[in-house]
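Visitor: Dropping a structure here in structure tokens format, bear with me for questions.
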Amino acid sequence: MSAAPAPLPPLEPGARRLATVALSLATFMNVLDTTIANVSLPNIAGDLGVSPTQGTWVITSFGVANAIAVPLTGWLSQRVGQVRLFVASVVLFVLASLLCGLAGSLEMLIAARVLQGAVAGPMIPLSQALLLQAYPREKSGMALAMWSMTTLVAPVMGPILGGWLSDNLSWPWIFYINVPVGIGAAWMSWQLLKHRETPTRKLPIDKVGLALLVIWVGALQILLDKGKELDWFQSAEIVALAVVTVVGFALFVVWELTEEHPVVDLSLFARPNFLFGVIALATAYGVFFGNVVVLPLWLQQYMGYTATWAGLVTAPIGILALLLSPAVGKILPRTDPRRLATVAFLVFALVSFMRAGFSTDIAPGSIVVPQLIQGIAMACFFIPLVSITLSGLPMERVPSASGVSNFVRITCGAFGASLMTTLWERRAALHHEQLAAQVSVYNPIAGDTLNQLQAQGIDLTRGLGILERQVNVQAFSLAANDVFWLSGCLFLLLLVSVWLTHPTHSRPAATGDAAH
């Protein structure tokens, strides 16, 4: 076996700052595109003359292609080189974004979104790896802080920016804005990093592993995206997708563990810090992302908020995250990352329990307060857990480790969104049934309300319709409280996985394969 390559020296401070901006811009653009199209779906579907259900394939197609590409990062970077792969991914992402904006039919848009999702896969893991290489060891916490700030803010900004662009310009602009940003990020990255290319190896292509990865990940993503719409396992299509996912995943794991040159390095999970770090990071992100989806839906559908106002009251989540992330990056090398992660999980739980007390007459300011506090958790969440996950790994294995961990995180995010929204709707149905049983002309409160409505000239049928709407609002509000309460309990349970990791340094090893 050949000796591990000598570590690259860190960049000079000026070049390091510019590289941070370039890599962060590319990451921000990438993460933004995972959520920016969600609020624009009605505009896209109407403009292309398709149903909203068909329009959801704009989201699904990107997610499937992205989920397949992310874990391939380590293998691709060994064949192509980290810098070349990153810059090529950004350039192709810009091209795919342009094609998305120019699409004149749903089929063209979906094809462009598949390309966009596929080429986006290596960008996030490689931006993480290239940033760590650009910083000296003692400043690695700051590198992770800079990287995490973009991944934290972009999902929150996506719906706000997407809604504004769709309302004030047109939906293609949610894709066109990537063009200048991507060109700038690609040019800066190449100029600053082209002399820092990593060694390449002509590894054989694991065709069986790649095929199995495409099959089970594709089936899983479609299952998660379409499950709620098709009533989950009441649908034969969902059952078939679940069978393909389970069988495909089992075959994939067996094959990759016995293949000499696997397309995904599953041996990383033999390292306790990687295993438990990924469990803590990905599961908590799934719970967090499920809440990110449910809260704006509740505000817009049942509390009368516009998309813009729902975005504004949820946006403060990024304020303290942005302010505190650099401080967390500075203190990380001098403290146990598990303590910082513990703070994150405790604050996440506190915020969830605060939201579990929301009612239908809550003021916007009372919604903003938990959002602000959650910024503390976000600053202490990504940076320490990514540090734990990558600890002790030689630099040449970081792209692969980052790719696998981000793949699990993204997949758990999709799980969280699907499961939390399904739980929300099912709990709402239960609360609706219980509340509706109380609404009748024999109930004094309901009877008085109907009498007041009739006194205003509203007939009995319309009056009952108004009461039904009020019952619906209350049912979904109570269901949202249930979701938030469960989320708080899950965050507390996940503390166990954090403390199953070993105390560690905050940076991957320079060369060689460390023990932990």
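So for the sequence shown, the working numbering puts the first residue at 49; every next one is plus one.
Every residue, glycine too, gets a C-beta built ideally from N, C-alpha and C.
In this structure, how does DSSP classify proline 442 when only helix, strand and coil are distinguished?
Guide: Here the question's residue 442 lines up with position 394 in the sequence shown. Looking at proline 442 - three-state DSSP - the assignment turns out to be strand.
Visitor: Grouping DSSP H, G and I as helix and E and B as strand, with all else coil, what is leucine 147?
Guide: For this step, residue 147 is matched to residue 99 along the sequence shown. Helix at leucine 147.
Visitor: So, with DSSP's three-state summary, where would you put serine 50?
Guide: The sequence position of residue 50 within the sequence shown is 2, counting from 1. Summary for serine 50: the model assigns pLDDT 45, below 50, so the residue's position carries little reliability, and this model does not support an answer.
Visitor: Taking the beta carbon of aspartate 254 as the centre, do at least 16 other beta carbons fall within 10 Å, making it buried, or is it exposed?
Guide: One-based indexing of the sequence shown puts residue 254 at position 206. With 16 or more other Cβ atoms within 10 Å, it is buried.
Visitor: Measure how close the beta-carbons of alanine 115 and phenylalanine 455 come, nearest whole angstrom, since I'm counting them as under 8 Å.
Guide: Within the sequence shown, numbered from 1, the residue matching residue 115 stands at position 67. Within the sequence shown, numbered from 1, the residue matching residue 455 stands at position 407. Yes, alanine 115 and phenylalanine 455 are in contact; Cβ-Cβ is about 7 Å, under 8 Å.
Visitor: How about aspartate 13 and alanine 462: do their beta carbons lie closer than 9 Å?
Guide: Given that the chain is displayed from residue 49 to residue 564, the structure contains no residue 13 and the question cannot be resolved.
Visitor: Determine the extent of the alpha helix (DSSP H) in which valine 379 is found, giving its start and end residues.
Guide: Stepping through the sequence shown from its first residue, residue 379 is reached at position 331. The residue you asked about is not valine; residue 379 is isoleucine in the sequence shown. It spans 365-379 - the alpha helix (DSSP H) in which isoleucine 379 sits, taken as one unbroken run.
Visitor: Tell me where the alpha helix (DSSP H) around glutamate 307 begins and ends.
Guide: In the sequence shown, the residue the question calls residue 307 occupies position 259. Careful: glutamate 307 lies outside any alpha helix (DSSP H) and carries neither H nor E.
Visitor: Going by beta carbon distance, what residues of the same chain come within less than 6 Å of serine 525, once the five residues before and after it are set aside?
Guide: Indexing the sequence shown from 1 puts residue 525 at position 477. Only Thr408 meet the Cβ criterion.
Visitor: Contact check, alanine 358 vs glutamine 348 under 8 Å by CB: the rounded distance?
Guide: On the sequence shown, residue 358 is found 310 positions in, with the first residue counted as 1. On the sequence shown, residue 348 is found 300 positions in, with the first residue counted as 1. Between glutamine 348 and alanine 358 the Cβ distance is about 5 Å, and since that is below 8 Å, they are a contact.
Visitor: What is the rounded straight-line gap between the Cα of valine 335 and the Cα of phenylalanine 393?
Guide: For the purposes of this step, residue 335 is identified with residue 287 of the sequence shown, where counting begins at 1. For the purposes of this step, residue 393 is identified with residue 345 of the sequence shown, where counting begins at 1. Their Cα atoms are separated by approximately 11 Å.
Visitor: Residues in the same chain with beta-carbon distance under 6 Å from alanine 117, minus the five sequence neighbours each way, listed in chain order, please.
Guide: On the sequence shown, position 69 is the one that residue 117 refers to. Cβ neighbours of alanine 117 beyond the five flanking positions: Ala166 and Gly169.
Visitor: Tell me which residue opens and which closes the alpha helix (DSSP H) that glutamine 349 is part of.
Guide: In the sequence shown, the residue the question calls residue 349 occupies position 301. Its alpha helix (DSSP H) spans residues 320-350.
Visitor: Compute the Euclidean distance between the alpha carbons of valine 452 and isoleucine 424, then round it to the nearest angstrom.
Guide: Start at 1 with the first residue of the sequence shown, and residue 452 comes out as number 404. Start at 1 with the first residue of the sequence shown, and residue 424 comes out as number 376. Each residue's alpha carbon lies about 26 Å from the other.
Visitor: Is it true that the CB of leucine 441 sits closer than 9 Å to the CB of arginine 319?
Guide: In the sequence shown, residue 319 corresponds to position 271, counting from 1. In the sequence shown, residue 441 corresponds to position 393, counting from 1. For arginine 319 and leucine 441, yes; Cβs fall inside 9 Å.
Visitor: If we count Cβ pairs, one from each stretch, closer than 8 Å, do we get three or more for the segment 277-291 versus the segment 221-239?
Guide: In short, these stretches do not touch, since the Cβ pair count stays below three.
Visitor: Taking the alpha-carbon of leucine 80 as reference, which of Val131, Leu289, Gly210 and Pro173 has the nearest alpha-carbon?
Guide: The residue you call residue 80 lines up with position 32 of the sequence shown. For the residues Val131, Leu289, Gly210 and Pro173, the minimum Cα distance to leucine 80 belongs to Gly210.
Visitor: Would you kindly report the start and end of the unbroken alpha helix (DSSP H) that includes valine 162?
Guide: Walking along the sequence shown from the start, residue 162 turns up at place 114. Counting along the chain, the alpha helix (DSSP H) containing valine 162 begins and ends at 154-168.
Visitor: Jot down the residue ranges of each uninterrupted alpha helix (DSSP H) in the segment 419-482, minimum 4 residues, whole runs only, in chain order.
Guide: The qualifying runs are 430-438.
Visitor: DSSP three-state label for proline 61, please.
Guide: Taking the sequence shown and counting its residues from 1, the one referred to as residue 61 is at position 13. In this structure, proline 61 counts as helix in the three-state DSSP scheme.
Visitor: Less than 8 Å between C-beta atoms, sequence neighbours within five positions excluded: which residues of the same chain meet that for proline 551?
Guide: Locating residue 551 in the sequence shown gives position 503, where the first residue counts as 1. Excluding positions up to five away in sequence, the list reads Asp384 and Arg386.
Visitor: Among Val142, Gln419 and Ser535, whose alpha-carbon lies nearest the alpha-carbon of threonine 331?
Guide: Taking the first residue of the sequence shown as 1, we reach residue 331 at position 283. Out of Val142, Gln419 and Ser535, Ser535 has the C-alpha closest to the C-alpha of threonine 331.
Visitor: What is the rounded straight-line gap between the Cα of valine 135 and the Cα of methionine 190?
Guide: Stepping through the sequence shown from its first residue, residue 135 is reached at position 87. Stepping through the sequence shown from its first residue, residue 190 is reached at position 142. One C-alpha to the other measures close to 23 Å.
Visitor: Which residue comes first and which comes last in the alpha helix (DSSP H) that contains alanine 545?
Guide: Numbered from 1 along the sequence shown, position 497 holds the residue referred to as residue 545. First, the amino acid is wrong: residue 545 is serine here, not alanine. That run of the alpha helix (DSSP H) goes 543-546.
Visitor: Would you call glutamate 444 buried or exposed, if buried means 16 or more other Cβ atoms sit within 10 Å of its Cβ?
Guide: Along the sequence shown, one-based indexing puts residue 444 at 396. By the neighbour-count rule (16 or more Cβ atoms within 10 Å), glutamate 444 is buried.
Visitor: In whole angstroms, give me the CA-to-CA distance for aspartate 530 and proline 374.
Guide: On the sequence shown, residue 530 is found 482 positions in, with the first residue counted as 1. On the sequence shown, residue 374 is found 326 positions in, with the first residue counted as 1. Their backbone Cα atoms lie some 34 Å apart in a straight line.
Visitor: Let me check understanding here. Comparing Cα to Cα, which of Met194, Ser439, Glu155 and Ile458 lies closest to phenylalanine 317?
Guide: Here residue 317 refers to the residue found at position 269 of the sequence shown. Among Met194, Ser439, Glu155 and Ile458, the Cα nearest to that of phenylalanine 317 is on Ser439.
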